[in-house]
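In terms of the numbering used here, the sequence shown opens at residue 15 and continues consecutively.
The block underneath contains the structure these notes are about, expressed in structure tokens.
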Amino acid sequence: MEECLADLNLKICCIFIDDIIIYGKTYEEHLRNLQLVFNRIREANLKLAPGKCEFFKRRVKYVGHIVSEEGIEINKEKTDVVTSWPKPSTPVEVRRFLGFVGYYRRFIHQFSKISKPLTELMPAPTKKHHKTKLKTPWHWGAQQDKAFEQLKQQLVSAPILGYADSSTPYELHTDASGDALGAVLYQEQHGIKRVISYASRSLSKAERNYPAHKREFLALKWAVADKFKDYLYGSRFTILTDNNPVTYVLTTAKLDAAGHRWLASLAAFNFDIRYRPGKSNADADALSRLPAEVDSDNRCNIPIESVHAICRKAIPSAYVESLSLSPDVVIDDIDNRGTNVGNIIDWAQAQANDIDIRPWIEFVRQNRKPSVGEIGPSPLMRQFNRLCLIDDVLYRETTIDGEVRKQLVLPITHASTVLEALHNDMGHPGKDRTLSLLRDRFYWPGMHKDTEQWIEQCGRCIRRKTPTNQRAPLVNISTSSPMELVAIDYLTLEPSKGGSVTYW
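Right, dumping it as structure tokens:
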């Protein structure tokens, strides 16, 4: 679909997998845009399902949101699901709940602060074998119960966010605390100041050692050049900060190497910096003081990586970002397309036809572990104690995040079908996410290597992968005669009290 509408995507329509939303400011413009899209679909010989199409609507449902002329709001059908959500009893259930609610975290004020008691119950990833371990022992107490109910209530009463208008100036509020950065992007529309987007991120261990004015400068640089770049590039805007020294950052010469790099990244933007006392800068100040995890740089609100996951990198758009998926979304909770592969295959017959699996079905049925001489070398030998039969289908029992799972022992001939369903049809997730989806459902020897090869050979993943920029090699400077090239290092010190200037 993206290839079919490549030059129209983000101009007159937005594409998410196989869903298209076409927009226009007037009836005539919308009609022209519809005709352009229809012509492209007809040329590509694609088919539309009339029963799933809606035309000339002022309010439409799109990727879990309601999009209207007033702004973007949460689909109330989703909030009805949350109100009846049972209390989690395992870390996996906590992750599933936070994944669902986190998809709408930009609608929830102080999401990180509210959800902190729940995030502490989630397993943290480790570097060894991609395993996870609990940050704290599992304990569901009064704090967790309060956070659970408060998140549900906040989601039900979520506000409507405004659209960005590139013809109207923006107002950016930034702030930094000892642990995190915060920013809020505003825009005045029809005489009302509306929130366009919230953002916050945690500070790394090194960044926490920065002095206050440097952290404030980092917050400004991060908000302008990283978080809201697609909104602010090419537009005039005003930055409000509660740190007065930051207002002089564009004119001072007292910057270290990092400061000069940050200043260079801001050179492409057109803005003014104004000071506002902290008591008047409560919005960004609150975001910067929310508890956040050190290892999550862009987990707080609508990162640009989300936009790259659903549209071409060459043409990012702030309008698509306002509808994009959060990386915290658990795919299983949004769409079960990847699990339907088991409904169209007779797994009992498929395993019986597989020469590697067929003998093990009988051994498990007899509860007899064979010898190497009887069955020969087989990777399933070490898995025998985990194998079980359910309705004549062979499964492997395992524990993932403290929850017992039954993985279907997959015939190798069906590996490509499963990989296509759980990688290609699920939005081309990365290696770790694809493996996680596979391990929740299937097992076959060598699945880790097969998954890596599949993703490495995936055409769409290859096209979207950010190319590695090779650094230019260091070479000796060549000259043909003495004094042809002269290099001088100099340093200007601050003027003394007497007014003299020293050069080194």
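The beta-carbon is built from N, C-alpha and C at its ideal position, and this holds for glycine as well.
It should be emphasised that the depicted structure is a prediction, and the values quoted were computed from it without experimental measurement.
Three-state class that DSSP yields for residue i in the structure shown
i, result
"residue 410", "strand"
"residue 71", "coil"
"residue 247", "coil"
"residue 166", "helix"
"residue 196", "strand"
"residue 322", "Reliability fails at residue 322, whose pLDDT of 41 lies under 50, so the model's placement of it is uncertain and the value that follows must be treated cautiously. Looking at residue 322 - three-state DSSP - the assignment turns out to be helix."
"residue 417", "strand"
"residue 25", "coil"
"residue 207", "strand"
"residue 34", "strand"
"residue 504", "coil"
"residue 17", "coil"
"residue 201", "strand"
"residue 3", "Given a span of 15 to 518 for the chain in the structure shown, any question on residue 3 remains unanswerable."
"residue 175", "strand"
"residue 475", "helix"
"residue 401", "strand"
"residue 224", "coil"
Member of the options whose CA lies at the smallest distance from the CA of residue i
i, options, result
"residue 120", "279, 174, 98 and 90", "174"
"residue 290", "417, 483 and 255", "255"
"residue 62", "34, 80, 47 and 76", "34"
"residue 379", "409, 396 and 66", "409"
"residue 466", "214, 447 and 478", "447"
"residue 241", "229, 197 and 228", "197"
"residue 134", "125, 151, 122 and 118", "151"
"residue 188", "29, 506, 64 and 230", "230"
"residue 193", "201, 220, 211 and 210", "220"
"residue 501", "191, 491, 125 and 108", "491"
Buried versus exposed, by CB contacts within 10 Å (16 or more), residue i
i, result
"residue 340", "Its pLDDT being 41, under 50, residue 340 is placed unreliably in this model, and the coordinates cannot settle the point."
"residue 455", "buried"
"residue 131", "buried"
"residue 6", "Outside the shown range of the chain (15 to 518) lies residue 6, about which nothing can therefore be said."
"residue 67", "exposed"
"residue 371", "buried"
"residue 39", "exposed"
"residue 167", "exposed"
"residue 421", "buried"
Delimiting residues of the beta strand (DSSP E) encompassing residue i
i, result
"residue 375", "Not the beta strand (DSSP E): residue 375 falls in the alpha helix (DSSP H), residues 372-380."
"residue 79", "79-82"
"residue 217", "Element bounds for residue 217: n/a, residue is neither H nor E."
"residue 55", "From DSSP, residue 55 is part of no beta strand (DSSP E) but of the alpha helix (DSSP H) over 41-57."
"residue 285", "284-289"
"residue 436", "Run containing residue 436: none; DSSP gives neither H nor E here."
"residue 190", "184-190"
"residue 112", "Looking at the DSSP string, residue 112 is not in any beta strand (DSSP E); the run it does join, the alpha helix (DSSP H), is 105-116."
Residue i: first and last residue of the uninterrupted alpha helix (DSSP H) it sits in
i, result
"residue 94", "90-97"
"residue 446", "445-453"
"residue 602", "Because residue 602 is not part of the residues shown, which for the chain are 15 to 518, the question remains open."
"residue 461", "461-470"
"residue 386", "386-389"
"residue 363", "361-366"
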